[in-house]
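Structure, as structure tokens:
In our numbering, the protein residues as written are 7 to 361.
Shown next as structure tokens:
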């Protein structure tokens with residue numbers, strides 16, 4: 007019982023102490039405000055700006071690197087030793103062009119053997135089908151011979167394909183960017199042989215902030231400039247807009263552009279995309295410097311008949327050093343943009359002349 011009584015007294019004392027501390031802080035803050043007001047008697051000089059609505063065409067630029075639209079690493083589909091290399095690094099190749107040959111002596115022998123087996127299976131099948139019509143063989147025997155023929159046909163197709171793969175062909179047109187094998191090299195299936203890059207069309211990959219990416223559409227034309235050819239403006243089209251952004255709320259955007267003869271760009275080069283957005287609806291913009299304790303405070307001082315009045319506003323998008331105000335200010339109100347450091351609500355102020 008005594009413990010309960012002691013605990014109750016301690017709790018009541020703690021609550022009383024907290025209440026006293028809050029009142030003391032409140033009184034101290036009020037005294038500080040009054041002190042600032044008194045110290046500012048004589049009016050604090052401030053710089054101001056009229057709040058009003060602005061209509062403008064918004065543009066934005068984003069930097070990135072060019073990548074090839076089509077780029078592959080060609081690997082061997084079969085095992086064998088290279089007997090011929092028909093290209094070198096830097097060679098331009100067409101789709102379907104033979105660029106290397108692999109020893110095909112074994113594949114040729116296997117093809118002849120499988121062709122003979124297929125022909126024999128075909129003869130056996132025809133003989134069994136005639137015998138079945140006359141009742142000379144059972145349905146089970148005919149089904150077995152049909153299965154043998156199907157297996158022989160599949161084996162022949164696989165061997166023929168292996169022989170075709172001894173002639174290594176380029177799957178796309180482009181430039182041999184890297185060569186990983188030499189004549190005499192022994193390949194296993196999957197051995198990397200060539201990198202082929204097609205730069206007839208490139209894509210510029212850039213990151214776009216969330217407030218701008220929502221205004222972009224696939225197929226939209228975009229002007230592109232580069233450091234290597236500053237005198238040329240390339241025209242591309244947006245081919246991809248990511249559905250998910252990164253931790254900074256930037257979204258990857260790909261812009262496809264055709265290469266220009268005589269001013270040919272290469273994968274890896276640096277480029278700048280200029281986005282032209284539609285004209286915005288009129289919006290109220292005020293300087294970032296107008297916000298008391300930063301934009302996140304959403305607080306500004308307005309100049310009202312020689313007195314600074316603190317107002318809460320609702321902010322929107324940011325455009326450079328300007329911030330959109332969606333609510334809290336009226337057109338024509340005078341916003342204090344400099345000199346707020348010593349201001350509190352109700353401080354006397356005077357408009358200073360800008361130098």
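Backbone N, C-alpha and C fix where the C-beta goes; we use that ideal spot for every residue, glycine too. Bear in mind that the values here come from a model prediction, so they are computed numbers and not experimental data.
Since residue i contacts residue j with CB under 8 Å, what's their CB separation in whole angstroms?
i	j	result
residue 103	residue 189	Their Cβ separation, rounded to whole angstroms, is 18 Å, which puts residue 103 and residue 189 out of contact at 8 Å.
residue 49	residue 352	Not quite, the Cβ-Cβ distance comes to about 12 Å (not below 8 Å), so this is no contact.
residue 171	residue 84	5 Å
residue 52	residue 344	6 Å
residue 229	residue 280	5 Å
residue 120	residue 162	4 Å
residue 292	residue 341	5 Å
residue 231	residue 277	7 Å
residue 134	residue 273	In fact, because the Cβ distance is near 60 Å, the residues do not count as touching under 8 Å.
residue 214	residue 253	Contact flag wrong, Cβ pair sits at about 15 Å.
Return helix, strand or coil for residue i, following the three-state DSSP convention.
i	result
residue 209	strand
residue 282	strand
residue 71	strand
residue 90	strand
residue 245	strand
residue 132	helix
residue 163	helix
residue 365	This structure does not reach residue 365, given that the chain is present from 7 up to 361, and the question cannot be answered.
residue 328	strand
residue 342	strand
residue 347	helix
residue 253	coil
residue 195	coil
residue 59	strand
residue 335	coil
residue 356	strand
residue 216	helix
residue 169	helix
residue 304	coil
residue 146	helix
residue 95	coil
residue 151	helix
By a C-beta neighbour count over all protein chains shown, 10 Å radius and 16 as the cutoff for buried, is residue i buried or exposed?
i	result
residue 356	exposed
residue 338	exposed
residue 122	exposed
residue 181	buried
residue 266	exposed
residue 82	buried
residue 210	buried
residue 309	buried
residue 372	Since the first residue of the chain shown is 7 and the last is 361, residue 372 is not available in this structure.
residue 155	buried
residue 110	buried
residue 132	exposed
residue 57	buried
residue 168	buried
residue 358	exposed
residue 260	buried
Is there a Cβ from chain B that is less than 8 Å from the Cβ of residue i?
i	result
residue 264	Any reference to chain B falls outside this structure, which holds one protein chain only.
Report the option in the options whose CA atom is closest to the CA atom of residue i.
i	options	result
residue 178	200, 187 and 193	200
residue 101	80, 255, 222 and 70	80
residue 164	291, 299, 228 and 116	116
residue 243	58, 75 and 54	75
residue 97	176, 194 and 335	176
residue 235	217, 314, 256 and 270	270
residue 275	196, 168 and 208	208
residue 301	321, 153 and 289	321
residue 362	56, 88, 324 and 327	For the chain, the structure presents residues 7 to 361; residue 362 sits outside this window and is missing.
residue 124	136, 142, 152 and 105	152
residue 159	118, 197 and 192	118
residue 287	323, 222 and 250	323
residue 226	245, 202 and 140	245
residue 283	220, 192 and 136	220
To the nearest angstrom, report how far apart residue i and residue j are at their CA atoms.
i	j	result
residue 248	residue 354	52 Å
residue 70	residue 107	39 Å
residue 206	residue 262	11 Å
residue 39	residue 306	Confidence is the limiting factor: at residue 39 the pLDDT is only 49, short of 50, which leaves the residue's position unreliable, though a coordinate-based value still follows. Cα-Cα distance, rounded: 17 Å.
residue 46	residue 316	Low local confidence applies: a pLDDT of 45 at residue 46 is under 50, so the model's placement there is unreliable, and no value is given.
residue 65	residue 258	18 Å
residue 336	residue 329	15 Å
residue 319	residue 331	7 Å
residue 59	residue 349	26 Å
residue 130	residue 113	26 Å
residue 94	residue 204	16 Å
residue 166	residue 173	12 Å
residue 216	residue 92	49 Å
residue 61	residue 290	9 Å
residue 126	residue 143	18 Å
residue 55	residue 299	18 Å
residue 224	residue 68	16 Å
residue 138	residue 77	56 Å
Would the C-beta of residue i count as close to the ligand FMN, meaning under 7 Å from any of its heavy atoms?
i	result
residue 54	Because no ligand of any kind appears in the structure shown, any question about the ligand FMN cannot be addressed here.
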